[in-house]
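Undergrad: Here it is, the structure in full.
2 protein chains.
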Amino acid sequence: MKHPFLERGRRSNIEGGFAPEELELALRHVSMPLEALRYDVTPVGLHYTLCHFDIPALDERTFRLRVGDRALSMKELRAMPRHTVRATLECAGNGRARFVPRYPSMPWTHGGVSTADWTGVALRALLQDVRAHEVAFIGADRGFDSGVEHAFGRSLPLAEAMRDDVLLAWSMNGQPLAPQHGAPLRLVVPGWYGMASVKWLARIELHDQPFDGYQQASGYRYKKREDEDGVPVRHMKVKSLISPPGVPDWYTGRRLVDAGPLTIEGRAWSGAGVTVKRVQLAVDGEWREAELEAPHERFAWQRWRCEWHATAGEHQLVCRATDAQGATQPAQSDWNI
Amino acid sequence: MKHPFLERGRRSNIEGGFAPEELELALRHVSMPLEALRYDVTPVGLHYTLCHFDIPALDERTFRLRVGDRALSMKELRAMPRHTVRATLECAGNGRARFVPRYPSMPWTHGGVSTADWTGVALRALLQDVRAHEVAFIGADRGFDSGVEHAFGRSLPLAEAMRDDVLLAWSMNGQPLAPQHGAPLRLVVPGWYGMASVKWLARIELHDQPFDGYQQASGYRYKKREDEDGVPVRHMKVKSLISPPGVPDWYTGRRLVDAGPLTIEGRAWSGAGVTVKRVQLAVDGEWREAELEAPHERFAWQRWRCEWHATAGEHQLVCRATDAQGATQPAQSDWNI
Numbered sequence: 001m002k003h004p005f006l007e008r009g010r011r012s013n014i015e016g017g018f019a020p021e022e023l024e025l026a027l028r029h030v031s032m033p034l035e036a037l038r039y040d041v042t043p044v045g046l047h048y049t050l051c052h053f054d055i056p057a058l059d060e061r062t063f064r065l066r067v068g069d070r071a072l073s074m075k076e077l078r079a080m081p082r083h084t085v086r087a088t089l090e091c092a093g094n095g096r097a098r099f100v101p102r103y104p105s106m107p108w109t110h111g112g113v114s115t116a117d118w119t120g121v122a123l124r125a126l127l128q129d130v131r132a133h134e135v136a137f138i139g140a141d142r143g144f145d146s147g148v149e150h151a152f153g154r155s156l157p158l159a160e161a162m163r164d165d166v167l168l169a170w171s172m173n174g175q176p177l178a179p180q181h182g183a184p185l186r187l188v189v190p191g192w193y194g195m196a197s198v199k200w201l202a203r204i205e206l207h208d209q210p211f212d213g214y215q216q217a218s219g220y221r222y223k224k225r226e227d228e229d230g231v232p233v234r235h236m237k238v239k240s241l242i243s244p245p246g247v248p249d250w251y252t253g254r255r256l257v258d259a260g261p262l263t264i265e266g267r268a269w270s271g272a273g274v275t276v277k278r279v280q281l282a283v284d285g286e287w288r289e290a291e292l293e294a295p296h297e298r299f300a301w302q303r304w305r306c307e308w309h310a311t312a313g314e315h316q317l318v319c320r321a322t323d324a325q326g327a328t329q330p331a332q333s334d335w336n337i
Numbered sequence: 338m339k340h341p342f343l344e345r346g347r348r349s350n351i352e353g354g355f356a357p358e359e360l361e362l363a364l365r366h367v368s369m370p371l372e373a374l375r376y377d378v379t380p381v382g383l384h385y386t387l388c389h390f391d392i393p394a395l396d397e398r399t400f401r402l403r404v405g406d407r408a409l410s411m412k413e414l415r416a417m418p419r420h421t422v423r424a425t426l427e428c429a430g431n432g433r434a435r436f437v438p439r440y441p442s443m444p445w446t447h448g449g450v451s452t453a454d455w456t457g458v459a460l461r462a463l464l465q466d467v468r469a470h471e472v473a474f475i476g477a478d479r480g481f482d483s484g485v486e487h488a489f490g491r492s493l494p495l496a497e498a499m500r501d502d503v504l505l506a507w508s509m510n511g512q513p514l515a516p517q518h519g520a521p522l523r524l525v526v527p528g529w530y531g532m533a534s535v536k537w538l539a540r541i542e543l544h545d546q547p548f549d550g551y552q553q554a555s556g557y558r559y560k561k562r563e564d565e566d567g568v569p570v571r572h573m574k575v576k577s578l579i580s581p582p583g584v585p586d587w588y589t590g591r592r593l594v595d596a597g598p599l600t601i602e603g604r605a606w607s608g609a610g611v612t613v614k615r616v617q618l619a620v621d622g623e624w625r626e627a628e629l630e631a632p633h634e635r636f637a638w639q640r641w642r643c644e645w646h647a648t649a650g651e652h653q654l655v656c657r658a659t660d661a662q663g664a665t666q667p668a669q670s671d672w673n674i
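Quick note, the sequences are listed as chains D and C, same order. Each residue of the first sequence is one higher than the one before, starting from 1 at the first, in the working numbering. Each residue of the second sequence is one higher than the one before, starting from 338 at the first, in the working numbering.
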């Protein structure tokens, strides 16, 4: 079903400031405040969220996960062997607000990243003896995007779906999954950007052909032009962030610290379980090495710290990470739609 | 301590869209998505937040609440008689984004309101035999606003502080208080706008004169001009909101429903424990009466519903509430700085 007036909205002019639609998206989704980089595991209400449509009202007692001909209750799923994986998830659009020009969507600056302990059953336990090209995951959330009505859905190649650490999770940080995080059941794909971890998971489908759902075929692709197919978004790229030192100014967000020695801290991560090997901090353009903690968990961010003797005046602090595959966080983003 | 460059930031031009500083504030704070009006009690991660400064890192084991000469541990506070109050809290700035022009601050549209069950000790239990004009509450959060460094602090007249239902809370919805909601201890003042409910409560002070902290003397006052004293913000005013029917379009937020009969639902509330007596719904400007549930709890929002037969085409739905004191939610906001 196509609605031309929705397509119109999609083309709204966003020059000269952020559009009201962008503001609504920023209000609607939780961005992790950067001081929360202090937590190894992000508290539930501080963990970022991105919900394409409304949070569905699902009743765990009547909920059923459809897998082919089967309809599994939460009771049946909970009776299976359970696993816990600590994973850093980042939204693929994190940083979009700094793009010039920017595609009209959720205007993340930095906070679309968090870490949680996810508990559930390994997806592969439901896929024994399966033969397929891809496995698709369909959520219970539904709405329109660019005039196309659809339920949020994404797919994984079979080999990814069969990884030990891909979970169907019903618990986050040892608590029942919250509504906004996908209750009663969600997929968690460690190492991939967050769009792969389908929330409110209602149905698992096996496909012999590439899954052509809207969010797979049109959304989440690196594109330089609207009319190209682009490259699918998959694993998270190497990145680091600074936990802001000192105290803030309410409106500008500028930070104030006393002159003297202080420790600058932050987190760094990379996708696909690749370890971060190096973090550097630049103060006013001059790079120095940060001390980087070894990874405690394969898919979770690593802590780093760097001493700095603050002097009176204004300063600019910048961090960058390099992972074990030699990829370095770029100083300038690689623009895409 | 005054920092002129912070005052400059305060005056940033916000014409032609929302300023980057406003976007950061919208990202930083949690706005309740309107479908969460479905919950009597808002789940923790969906409850709105407004934190003037960074979320402090406090350790409940070493935390002490200072009250005059006393220093109370959480263990001592938890040993006192406990009470639970269900309260709807709304940010005093809720709706600011629709003001023309608007003061540069958090650009709320609708979501700065939520309801929670708060558990703790009655404040009055700590104030026996106290003589004072006002009681002031100082948080552990600290930073700058308009160039003035301060810890967030607010006061109450003694009579308000002595109300049975004003709590020092350590629990929200039966769970330990989350960091962003004021852990380990916060004030909760049912019926007042949220600024009165000081989070990360570190110190209680008795004053014979009006408390002159920044957030009391300069902030949170209804003003038409910068140079007037204005009227202090206190109780929440009567208001209602609609739980959006149908499904959304991702970018525009427009709603789509099938033609036919459907039930429009929402919530209504007023401050100071005043009951809402009437809610009306207008479809394309034509008002009809909604069915309003009686209040279950003195300080919590009331549910309302109204049947509507949707016809093909675009429609505008508007609700308004009237409280037991005869105050009616205005169609146009009463502009103030």
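The C-beta atom is built at its ideal place from N, Cα and C for all residues, glycine as well. A quick note: this is a predicted structure, and the numbers were derived from the prediction, not measured.
So which of D:Ala259, D:Val274, D:Ala331 and D:Gln325 has the shortest CA-CA distance to Glu314 of chain D?
TA: The residue with the shortest Cα to Cα distance from Glu314 of chain D is D:Ala259.
Undergrad: Roughly how many angstroms lie between the CA atoms of Gly346 of chain C and Val166 of chain D, to the nearest whole one?
TA: Model confidence at Gly346 of chain C stands at a pLDDT of 42, short of 50, so the residue's coordinates are unreliable; what they give is reported in the following sentence. Looking at the two C-alpha atoms, the distance is approximately 46 Å.
Undergrad: Under 6 Å Cβ to Cβ from Asp141 of chain D, same chain only, skipping five residues before and after it: list those, please.
TA: Answer for Asp141 of chain D: Phe53, Pro56, Phe152 and Trp200, listed in chain order.
Undergrad: Leaving out the 5 sequence neighbours to the left and right, which residues in its chain are closer than 7 Å to Pro179 of chain D when beta-carbon positions are compared?
TA: Ile55, listed in sequence order.
Undergrad: When we look at the beta-carbon of Gly608 of chain C and count the other beta-carbons within 10 Å, is it buried (16 or more) or exposed?
TA: Burial call: buried.
Undergrad: Might you give, ordered along the chain, the residues of its own chain that have their beta carbon closer than 7 Å to the beta carbon of Phe5 of chain D, omitting 5 neighbours on each side?
TA: Caution applies to Phe5 of chain D, whose pLDDT of 41 falls short of 50 and renders its modelled position unreliable; the value that the coordinates give is listed next. Excluding sequence neighbours, Phe5 of chain D sits near nothing in its chain.
Undergrad: Who are the neighbours of Val166 of chain D on chain C, taking C-beta pairs under 7 Å?
TA: Simply none; closest approach about 24 Å.
Undergrad: Starting from the Cα of Ser451 of chain C, find the closest Cα among C:Ala637, C:His646 and C:Pro667 and give me that residue.
TA: Checked all of C:Ala637, C:His646 and C:Pro667; the closest Cα to Ser451 of chain C is C:Ala637.
Undergrad: What number of angstroms, rounded off, separates the C-alpha of Glu634 of chain C from the C-alpha of Val422 of chain C?
TA: Near 8 Å, if we compare the C-alpha coordinates of Val422 of chain C and Glu634 of chain C.
Undergrad: Beta-carbon of Arg338 of chain D versus every beta-carbon of chain C: anything under 9 Å?
TA: The requested residue 338 of chain D does not occur in the structure, where chain D is confined to residues 1 to 337.
Undergrad: Between Leu185 of chain D and the rest of its own chain, which residues show a CB-CB distance below 8 Å, the 5 nearest in sequence each way excluded?
TA: The residues are Phe63, Leu65, Met74, Leu77, Gly120, Leu168, Ala169, Trp170, Leu177, Trp200 and Leu201.
Undergrad: Does the stretch 34-44 of chain D come close enough to the stretch 91-106 of chain D to have 3 or more Cβ pairs within less than 8 Å?
TA: No, the stretch 34-44 of chain D does not touch the stretch 91-106 of chain D.
Undergrad: May I ask which residues mark the beginning and end of the beta strand (DSSP E) holding Pro582 of chain C?
TA: Pro582 of chain C -> no beta strand (DSSP E), and no H or E assigned at all.
Undergrad: Do you know offhand how far Trp445 of chain C's Cα is from Ala554 of chain C's?
TA: If you take the alpha carbons of Trp445 of chain C and Ala554 of chain C, they lie about 23 Å apart.
Undergrad: Given a cut-off of 9 Å on the beta-carbon distance, is the pair His207 of chain D and Val135 of chain D in contact?
TA: Yes.
Undergrad: Ordered along the chain, which non-local residues of its own chain (more than five positions away) have a Cβ less than 6 Å from that of Ala189 of chain D?
TA: Note that residue 189 of chain D is Val in the sequence shown here, rather than Ala. Once the five neighbours on either side are set aside, the close Cβ partners of Val189 of chain D are Val166, Ala196 and Ser197.
Undergrad: Rounded to the nearest angstrom, how far is the Cβ of Asp93 of chain D from that of Gly112 of chain D, given a contact under 8 Å?
TA: Correcting the residue type first, residue 93 of chain D is Gly in the shown sequence and not Asp. About 7 Å separates the two Cβ atoms, so the contact holds.
Undergrad: Put Val148 of chain D into one of helix, strand or coil per three-state DSSP.
TA: If DSSP states are grouped into helix, strand and coil, Val148 of chain D belongs with the strands.
Undergrad: When the cut-off is 9 Å and only beta carbons count, does Cys91 of chain D lie next to chain C?
TA: It does not: the Cβ of Cys91 of chain D has no partner Cβ on chain C nearer than 9 Å.
Undergrad: Does Arg96 of chain D come within less than 9 Å of chain C when only Cβ atoms are used?
TA: Output row for Arg96 of chain D: interface = no.
Undergrad: Going by DSSP in three states, Arg365 of chain C sits in which element: helix, strand or coil?
TA: Arg365 of chain C falls in the helix class under three-state DSSP.
Undergrad: Quick check: Ala337 of chain C and Arg540 of chain C, are their CB atoms within less than 9 Å of each other?
TA: The shown model of chain C, from 338 to 674, leaves out residue 337 of chain C, and the question about it has no answer.
Undergrad: Between which two residues does the beta strand (DSSP E) containing Arg66 of chain D stretch?
TA: Where Arg66 of chain D is concerned, the enclosing beta strand (DSSP E) stretches over Arg64 to Val67.
Undergrad: Excluding sequence positions up to five away, which residues of its chain have a Cβ less than 7 Å from the Cβ of Trp672 of chain C?
TA: Taken in chain order, the residues that qualify are Phe436.
Undergrad: Using a Cβ-Cβ cut-off of 7 Å (strictly less than) and excluding sequence neighbours within five positions of Leu37 of chain D, which residues of its own chain qualify?
TA: Leu241, Ser243, Gly266 and Arg267.
Undergrad: So within the stretch 169-248 of chain D, which uninterrupted beta strand (DSSP E) runs reach at least 3 residues, ignoring any that extend past its ends?
TA: Segments of the beta strand (DSSP E) lying fully in the stretch 169-248 of chain D: 186-188, 201-207 and 239-243.
Undergrad: Would you kindly work out how many angstroms separate the C-alpha atoms of Glu307 of chain D and Glu286 of chain D, rounded to a whole number?
TA: When rounded, the distance between both Cα atoms is 14 Å.
Undergrad: Establish whether the CB of Asp40 of chain D and some CB of chain C are separated by less than 9 Å.
TA: Output row for Asp40 of chain D: interface = no.
Undergrad: Considering only the alpha carbon of each residue, which of D:Trp269, D:Glu291, D:Gln215 and D:Asp129 lies closest to Ala87 of chain D?
TA: Taking only the C-alpha atoms, the option nearest Ala87 of chain D is D:Trp269.
Undergrad: Tell me, please, which residues DSSP counts as bridged to Glu291 of chain D.
TA: Paired residues: D:Arg305.
Undergrad: Determine, using beta carbons only, whether Val339 of chain D comes closer than 9 Å to chain C.
TA: In the structure as shown, chain D starts at 1 and stops at 337, and residue 339 of chain D therefore has no counterpart that could be examined.
Undergrad: Report the option in D:Val247, D:Tyr222 and D:Glu90 whose CA atom is closest to the CA atom of Val231 of chain D.
TA: Minimum Cα distance to Val231 of chain D is reached at D:Tyr222.
Undergrad: Enumerate in chain order the residues of its own chain whose CB-to-CB distance from Gly191 of chain D is below 7 Å, with the five nearest sequence positions on each side excluded.
TA: The answer, listed in chain order, is His235, Met236, Gly271, Ala272, Gly273 and Phe299.
Undergrad: Report the three-state DSSP secondary structure of Glu397 of chain C (helix, strand or coil).
TA: Note: Glu397 of chain C maps to coil in three-state DSSP.
Undergrad: Run down chain C in chain order and give the residues with a C-beta less than 8 Å from the C-beta of Tyr220 of chain D.
TA: Result: empty, since nearest Cβ-Cβ is about 13 Å, beyond 8 Å.
Undergrad: Go ahead and pull the three-state DSSP assignment for Gly480 of chain C.
TA: Of the three classes helix, strand and coil, the one that applies to Gly480 of chain C here is strand, per DSSP.
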